[in-house]
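J.: As given, the protein sequences belong to chains A and B, one line each in that order. Using numbering that gives the first Met the number 0, the first residue of the first sequence is number 0, and each one after it goes up by one. Using numbering that gives the first Met the number 0, the first residue of the second sequence is number 0, and each one after it goes up by one. Glycine included, C-beta positions come from ideal geometry on N, C-alpha and C.
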Amino acid sequence: MTDETMRAVVVPEEDASFETRELPVPEPESDEVRVAVEACGVCGGDDAAREGHAYGGGLEYPRVPGHEVVGRVDAVGDDVTEWEEGERVGVGWHGGHCFTCEACRRGDFHACEHADVMGVQRDGGWAEYTVAPHEAVAAVPESFDAVEAAPLLCAGLTTFNALRHSDARPGDLVAVQGVGGLGHLGIQYAHEAGFETVALSRGTDKKEHAHDFGADHYVDAENEDPAEELQKLGGASVVLATAPSAPAIESVVGGLAADGRVVAVGVPEEPVGVHVGALVGTRGAVEGWASGTALGAEETLAFSERRAITPAVETFDLDDAEAAYQRMMDSDVRFRAVLTP
Amino acid sequence: MSDTDTMRAVEVPEAGADFDVTEKPVPEPESDEVRVAVEACGVCHSDEMTKEGVYPRIEYPRVPGHEVVGRVDGVGDDVTEWEEGERVGVGWHGGHCFTCDACRRGDFINCENAEVTGIDFDGGYAEYTVAPHEALASVPDDLDSADAAPLLCAGITTFNALRNSDARPGDLVAVQGVGGLGHLGIQYAHEAGFEVVALSRGTDKKERALELGADHYVDTEATAAAEELQALGGARVVLATAPSAPAIESVVGGLGTDGEVIAVGIPGNPVGVHAGALVGVRGSVSGWASGTAKDSQDTLEFSALRDVTPEIETFDLADASEAYEKMLASEVRFRAVLEP
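(1) Could you list the residues in the stretch 146-180 of chain B with a C-beta less than 8 Å from some C-beta on chain A, going in chain order?
(2) From B:Gly253, B:Gly93 and B:Glu27, pick the residue whose C-alpha is nearest to that of Ala239 (chain B); which is it?
(3) Does Thr30 (chain B) pass the burial test, meaning 16 or more other C-beta atoms within 10 Å, or should it be called exposed?
(4) So, with DSSP's three-state summary, where would you put His93 (chain A)?
(5) Mind pulling the alpha helix (DSSP H) runs of 4 or more residues that sit fully within the stretch 131-155 of chain A?
(6) Report yes if the C-beta distance between Gly154 (chain A) and Ile186 (chain A) is below 8 Å; otherwise report no.
(7) Report the three-state DSSP secondary structure of Gly184 (chain B) (helix, strand or coil).
(8) Would you say Arg306 (chain A) faces chain B, with C-beta separation under 8 Å as the test?
(9) Cβ atoms of Val90 (chain A) and Val72 (chain A): under 8 Å apart, would you say?
(10) Can you give the beta carbon distance from Cys40 (chain B) to Gly90 (chain B), rounded, assuming they're within the 8 Å contact cut?
(11) Can you find a CB in chain A that lies within less than 8 Å of the CB of Leu211 (chain B)?
(12) Just checking, does the stretch 100-119 of chain B make contact with the stretch 310-330 of chain B on the three C-beta pairs under 8 Å criterion?
(13) Once the 5 residues before and after Tyr188 (chain A) are set aside, which same chain residues still bring their CB inside 6 Å of it?
(14) Do you know offhand how far Val266 (chain A)'s Cα is from Leu300 (chain A)'s?
(15) What are the boundary residues of the beta strand (DSSP E) that Thr256 (chain B) is part of?
(16) Could you check the C-alpha separation between Ala319 (chain B) and Leu337 (chain B) for me, to the nearest Å?
(17) Listing by chain order, which chain B residues have their CB less than 7 Å from the CB of Ala192 (chain A)?
(18) Quickly, what does DSSP pair Arg334 (chain B) with across the bridge? List them, please.
(19) Taking 6 Å as the limit between beta carbons, can you name the residues of its chain near Thr298 (chain B), skipping five residues before and five after?
(20) In chain A, which residues lie less than 7 Å from Asp140 (chain B) when you measure between Cβ atoms?
(21) Which residues, in chain order, does the stretch 139-165 of chain A contribute to contact with chain B at a C-beta distance below 8 Å?
(22) With 9 Å as the C-beta to C-beta threshold (strictly closer), list the residues of the stretch 274-298 of chain B near chain A in chain order.
(23) Only counting the same chain, and skipping five residues up and downstream in sequence, which positions put a Cβ closer than 6 Å to that of Thr256 (chain B)?
(24) Tell me, please, whether the CB atom of Glu3 (chain A) is closer than 8 Å to any CB atom in chain B?
(25) Return the first residue and the last residue of the beta strand (DSSP E) that Ser320 (chain B) is part of.
(26) Checking 8 Å against the spacing of the C-beta atoms, do Arg115 (chain B) and Gly75 (chain B) come in under that value?
(27) Helix, strand or coil for Phe315 (chain A) per DSSP?
(28) Less than 8 Å between the C-beta atoms of Ser236 (chain A) and Val173 (chain A), yes or no?
(29) Using only alpha-carbon positions, find the residue among A:Asp2, A:Arg105, A:His52 and A:Ala220 that is nearest to Gln120 (chain A).
(30) Among the residues of its own chain, which have a CB less than 6 Å from the CB of Pro11 (chain A), if the five just before and after it don't count?
(31) Between the stretch 300-316 of chain B and chain A, which residues of the former have a C-beta closer than 8 Å to a C-beta of the latter?
(32) Report the option in A:Thr339, A:Asp144, A:Ala137 and A:Ala74 whose CA atom is closest to the CA atom of Arg33 (chain A).
(33) In this structure, how does DSSP classify Gly283 (chain A) when only helix, strand and coil are distinguished?
(34) How about Arg214 (chain B) and Glu194 (chain B): are their beta carbons less than 8 Å apart?
(35) Threshold first: 3 residues or longer. Then list the beta strand (DSSP E) segments lying entirely within the stretch 100-151 of chain B, N to C.
(36) Candidates A:Glu304, A:Ser250, A:Asp46 and A:Thr4: which alpha carbon is nearest Ala15 (chain A)'s?
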């Protein structure tokens, strides 16, 4: 396939708009797998490729974004033993690890010192083909629609993993802040995990959707004080904060119950101002959670399949990546944009 | 109520004796106690402790019953948190002292002076019972009394064991035994997002187990439970509700990494555990005992939120013997409840 080309969306340089280009189809290295992409989600995290400076800079351009990839194995490197051509696979944010650093030797692959991020440190899935290290590849059951599986590789994994690794137990009050790409999945996972689920969002547009996704309560954060409303419900064990907004995160800290946690998975650019008194009083915490490994993605897919959890998606052609991205950034998508090549 | 008021009650006259349906004075609450007009009381395997005198220190005659639901009918002078007419429940944990080391740590279930309903004081096989104020749980309006009663012991025990385990949504959790406890355990495990395996002998209960929320059913008469669990990836938790040592022994080999067999049914004989099977997976065999009134209330609220109800057969108080014998013979589908 050496001389063949493919359609791909690139960030030509930092802060530039997306462009569709013809690029050579990438060849997998000996430990890599090439995936013929069937669908790739559009995530808030894609701004890391576009606005690399906000993430420490040093990115190489042009760069193909995209870390919610689903497709079929198209070629495997010589040293790859666990994947075969034709298998349905996905790749998420975590784009591989070194197996040799301290974190990897502890089995904490996500904290690998040399971890690459798909679509940021290496080319991602907004293309007809992408390559990924073998350890970053997750099996995707054939029963899934590629378009519905794609958002589960980041939005799904992140919310499912954050919730299942929290201390919240069945019957506990769990709030999901933001009813968007991550939040609409977080509500479904929270419901299926047996939590008494509160959806927090601005206005009432998404109220009915939130209840359909499984929320037991809805709080209109524009007209009600979320902290007060959460306290009326007994206080939250967990608030899963998906909206990348510091004021939004600040507004829920007062809604925690004893030992409660605000788990931020949306990352605001500005610092979040936390009143320590509110945390000391409840032994509470504000903490962060970042996606997970390929095995976590497989577990997310398995759970989603077992419990019939699917994202609500809008699909776009690769050529319309710019429009999909802008709609996502403006929170206009219901609820996840997915590109198909 | 005057001294002359009497009530129907079922007593164990002495250890090993048959139940006796009798008339006795309606009990008066002490200053820190609450009297409950009983609407329903479940029949639990642990009532055997009262009936046969297995439990030490029982004074006879004794009224059994620790799955009590009814309405507050009288409150002692020092009771501030309960009012007449409120619907409440009382479970196994019949109160604590608030002053021993465990209580001062907030670990009320391990109170050195903890009392057990129907063992240390008269329980719910009667028209009225009294219990210490701290042993009462509020019962949500959505639940029928007869449905709520089994949740006070069978429900809280399985719900509390599962929610305090390390199992997380998506993990493989097996419930061994599809009876009074198990049929609730399956529902709670399903509602908690676990991949649920029901283990039982034969196929009589297979369909029901799947309806209750089991994803898999293993007939432990026809296949080896441990092998089947390993074929499914290995269990994070096996909730062992059947009070049978061989049954518990048969699942230890089915644990996955860091897996745990949690026994809530108590066999009379010791369970033989191969330490090698535990070392290999960092596994454990552990026990769990019900919970406090607050845990009961959490159980009741969760059950109301997720429509988890027991499947019950109701009996008149006078038929306590029949209900008890059916329960012992595992013939009840799935929990016997007495109504006064």
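T.: To lay it out plainly:
(1) Phe158, Leu161, Arg162, Asn163, Arg167, Pro168 and Gly169
(2) B:Gly253
(3) The question names Thr, yet the displayed sequence has Ser at residue 30 (chain B). Ser30 (chain B) comes out exposed.
(4) strand
(5) Complete alpha helix (DSSP H) runs here, min 4: 145-148.
(6) The identity of residue 154 (chain A) in the sequence shown is Ala, whereas the question assumes Gly. For Ala154 (chain A) and Ile186 (chain A), no; Cβs fall outside 8 Å.
(7) helix
(8) Cβ-Cβ to chain B under 8 Å: yes for Arg306 (chain A).
(9) At least 8 Å separates the beta-carbon of Val72 (chain A) from that of Val90 (chain A).
(10) Actually they do not touch by this definition, with Cβ atoms about 11 Å apart.
(11) no
(12) no
(13) Thr158, Phe159 and Leu162
(14) 24 Å
(15) Leu254 to Ala262
(16) 7 Å
(17) Pro168, Ala191 and Gly192
(18) Beta-bridge pairing links Arg334 (chain B) to B:Ile311.
(19) Leu150, Gly154, Ile155 and Phe158
(20) In chain order: nothing, as chain A lies at least about 16 Å away.
(21) Phe159, Leu162, Arg163 and His164
(22) Asp297 and Thr298
(23) Val280
(24) Not closer than 8 Å to any Cβ of chain B, the Cβ of Glu3 (chain A) fails to qualify, so no.
(25) Element bounds for Ser320 (chain B): not the beta strand (DSSP E) but the alpha helix (DSSP H), Ala319 to Leu327.
(26) Position check: residue 115 (chain B) holds Val in this sequence, whereas Arg was assumed. Contact: no.
(27) strand
(28) yes
(29) A:His52
(30) Exclusion of the five residues before and after Pro11 (chain A) leaves Glu18 and Pro61 as the residues of its chain whose Cβ lies within less than 6 Å of its Cβ.
(31) Glu300, Phe301, Leu304 and Arg305
(32) A:Ala74
(33) coil
(34) Residue identity differs from the one stated: residue 214 (chain B) is Asp in this sequence, not Arg. Cβ distance < 8 Å, so Asp214 (chain B) and Glu194 (chain B) count as in contact.
(35) 127-131 and 135-137
(36) A:Asp46
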